[in-house]
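Here the structure comes first, spelled out in structure tokens, and everything after it is commentary.
Residue numbers (the working numbering): 21 to 954.
Structure (structure tokens):
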């Protein structure tokens, strides 16, 4: 750990008397180094006085070391938590997990302290660190992006500070090196590129000319005062490009020819660099550390610069399918068969004749469709990927999916109807779709039939350039207007654009189109100019711009009374209402514990009081974001948790205050903070754990870790408060299938688990095979209710194995084999019978094994937990079995079957009473043994 009174002290510091100083806490974990900085905020001068900073090698342990390091640094300087007036966090780009650890922790701290959270670029912090080091000239910061990719950003660093020359982007390391070699030649004067043409302006790109132009533009500006207030002269031309960034640890030899490599202590963010970046943003008016409303922690988000792997693969597959279809169509026109090109379908991932692009696109698509594919990661097709475009329709029968090339003709046809002479033709639409810096979405109307793609009724596209997404097109079929389709499409485009690095949005709209202008104004866009005679009929175009964040949440909730957080409709107080009915109203009873659940694809929070009554419970489900992939995508889940966690917790506190009859309920009023720490998706768990750590530390209350599986056992107490062990528990969910002997609260023995798939997984995979979408459980139940469970004799795996283990893989394979056989025979699938027969095969084994477990243990109570506990056939079968056996059956309410924080809060209450608290150096875990105490 180090402290400094370095050049940064002079730049950040001001000689002013201190009176009750307001401190800013800054930190970053975007790479393998934890950087922490503390400074005093001087409001009148917009200056930050450096107090101390520390840089620590994390070695993939940021989540265990961050809070302890912050606590130690503040303690050394005698700074109390309550003296912190602002939190500053490095937003990346960098390691996705590392960036999220810092961001979630910062959100938790800022939320509990009720101060603003300002995000700064981690790369800017490196550049300011280079400035502090004393280097001057053009600097390329090259950060590691994994997958042989880097985040390269160039800066002009002079005595006045670090000036960014381009926006964030991600490129292959070898390509970045080639570009920077050219930049070095221009910088050192070894290139004959020459000065930029007079009057010429090009949007910030990846070319050396852009950098030369911006350098010339900067040199032409009047002398600027430095951060310390002194006038300086821009750096002299002729020196080599300077290199910094943690990618040099891996690619030093590759980038060495690009310029002069700076010392390794300049390669990563520093605490001082973070504070300098914050001060620069404060000087420019981009932020105000004292404005907590403007810098609500919910607004801060990481910088990603790219979509998730699943989304990139999705686009690559669509492009590849269209290219193969175009090639096959070309061969057919030449009278030849095209060997090696599979029949497939864009809904299932395999191209068929019906999905082939329009013949007029055959020749153009062969090259254009591969544009995205060539720059996307290599991958192998899986069953998960084959359901890529199966997105279930909403209540209006509309499904939203990325636009694929096979629908370019449909877009062009709709364009011609609604855009008149300004409509794009089919070739132009097809040229746009596969480009990496574009994002296109479409809306399809369907009747909800299995596997039905539907009719295209709307589309929208955007071009991400220089930190802005330019909305290229928005169109809705006139017959389908006034249903929120345009809003929803724009929200999807904006979400993709944000992940590609955009921060603002801009568009042109006809000056006379008052309806469209009203919509865009409602979405936060404002007029900024006019393009005279822009359209083909000479009508003017009104230019509108706005903050991208408002557009991301553009979709309207299903009901006026509903609230959206990060595009997810909140489910509020479902478990609280059930519990209130069971036990009656209760007053305020201490302790009050807020619990957080983020183990998979639900972001949830709940507050429990000392009597075990839930004062509030809030759940934001991500199902709609995962549906088109046929299952939960871990990276998307993590991103959505970061977006939603502040809003979910804020709502939880607000609702609890109302239910408890309190004027307000703040983090500082809580007795403890609890969080699910295992098992689950590590990237998802990390967000909840880091946020809870930050909030508990800032509120100075105990932190409680909870086993997610134990939470499902406690869920039975939500609807049945008098339930007590001993009991046998049937735990059935998307990730678990097990029988547990609950000897007492906290005393468990696992009797048997699945040896392959979980029950929920089997439901999802069968639903994929039938083209029913995700999640599979509810839709299979709906179809199964109309079918004959005895129609098809699917196997009952391990029914007579003599133990309590389960196997679902063979059953899943049998169902898929049956489906394929029926299709090959040309017979129409009887979906209800297939669903009912599959469901019966699953339930029969579950009931038989549970009965055996009751006999083995002598327990007189059976309870059920997990998402599949909501299955009506399973519940009815357990009721029938328990009635015959004279055993008590305890079922969680339907609202508490899936992942929720109410069950986590109930576990936390018992652990609070037992003083089983966690220290701040614990971490999330993907797997834990339920039988082992913790």
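No residue lacks a Cβ here, since even glycine has one placed at the ideal position from N, Cα and C.
Predicted, not measured: the structure shown is a model, and the values here were computed from it.
- Between residue 950 and residue 770 a beta carbon distance of about 6 Å is seen, short of the 8 Å cut, so the two are scored as contacting.
- For residue 43, the uninterrupted beta strand (DSSP E) run begins and ends at 42 to 48, by DSSP.
- The alpha-carbon separation between residue 764 and residue 743 amounts to approximately 11 Å.
- Restricting attention to 719, 817 and 909, the CA atom closest to the CA of residue 745 is found in 909.
- By the CB criterion at 7 Å, residue 733 and residue 749 fall inside the cutoff.
- Here residue 483 is bridged, per DSSP, to 458 and 490.
- Between the region 293 to 308 and the region 144 to 157 there are three or more inter-stretch CB-CB distances shorter than 8 Å, so the stretches are counted as touching.
- Bounds of any alpha helix (DSSP H) do not take in residue 565; it lies within the beta strand (DSSP E) bounded by 561 to 567.
- The beta carbon of residue 416 sits closer than 6 Å to the beta carbons of 503 from its chain, once the five residues preceding and following it are set aside; these are given in chain order.
- Inside the region 124 to 196, DSSP marks whole beta strand (DSSP E) runs of 3 or more residues at positions 136 to 140, 157 to 164, 169 to 178 and 181 to 184, from first to last along the chain.
- With respect to the C-alpha of residue 869, the residue from 853, 826, 880 and 145 having the closest C-alpha is 826.
- Note: residue 420 is bridge-paired with 463 in the DSSP secondary-structure output.
- Comparing C-alpha distances from residue 40 to each of 918, 98, 824 and 87 shows the shortest one belongs to 98.
- Counting only the Cα atoms, residue 329 lies some 12 Å from residue 337.
- Judged by beta-carbon spacing, residue 640 lies within the 7 Å limit of residue 590, meaning their Cβ atoms are closer than that value.
- Between residue 658 and residue 630, the beta carbon gap of about 34 Å keeps them out of contact (Cβ cut-off 8 Å).
- Cβ-Cβ separation between residue 893 and residue 801: approximately 7 Å, consistent with a contact (criterion under 8 Å).
- Residue 554 carries a coil assignment under DSSP once its states are collapsed to helix, strand and coil.
- Only buried fits residue 286, as 16 or more other CB atoms lie within 10 angstroms of its CB.
- In the DSSP annotation of this structure, the continuous segment of the beta strand (DSSP E) that includes residue 908 starts and ends at 908 to 910.
- Residue 934 has no beta-bridge partner at all, per DSSP.
- Secondary structure note for residue 514: its alpha helix (DSSP H) is the uninterrupted segment 505 to 519.
- A residue is called buried when at least 16 other Cβ atoms come within 10 angstroms of its Cβ; residue 451 meets this threshold and is buried.
- For residue 274, the enclosing alpha helix (DSSP H) begins and ends at 268 to 275.
- Of all C-beta pairs linking the region 706 to 723 to the region 940 to 947, three or more are shorter than 8 Å, placing the two stretches in contact.
- The alpha-carbon of residue 126 is positioned some 7 Å away from that of residue 711.
- Where residue 59 is concerned, the enclosing beta strand (DSSP E) starts and stops at 53 to 62.
- Your pair residue 946 and residue 698 checks out as a contact, with CB atoms roughly 7 Å apart and the cut at 8 Å.
- With fewer than 16 other Cβ atoms from the protein chains shown falling within 10 Å of its own Cβ, residue 688 counts as exposed.
- In the DSSP assignment, residue 549 is bridged to 563.
- Residue 676 is positioned such that its CB atom lies no closer than 7 Å to that of residue 925.
- The shortest C-alpha to C-alpha distance from residue 112 to any of 555, 91 and 142 is the one to 142.
- Below 8 Å, enough C-beta pairs join the region 699 to 707 and the region 648 to 658 to call them touching: three or more.
- For residue 424, the number of other beta carbons within 10 angstroms of its own is at least 16, and it is reported as buried.
- Taking 7 Å as the cut-off, the Cβ atoms of residue 54 and residue 101 do not count as close.
- Minimum Cα-Cα distance from residue 447 among the listed residues 428, 463 and 454 corresponds to 428.
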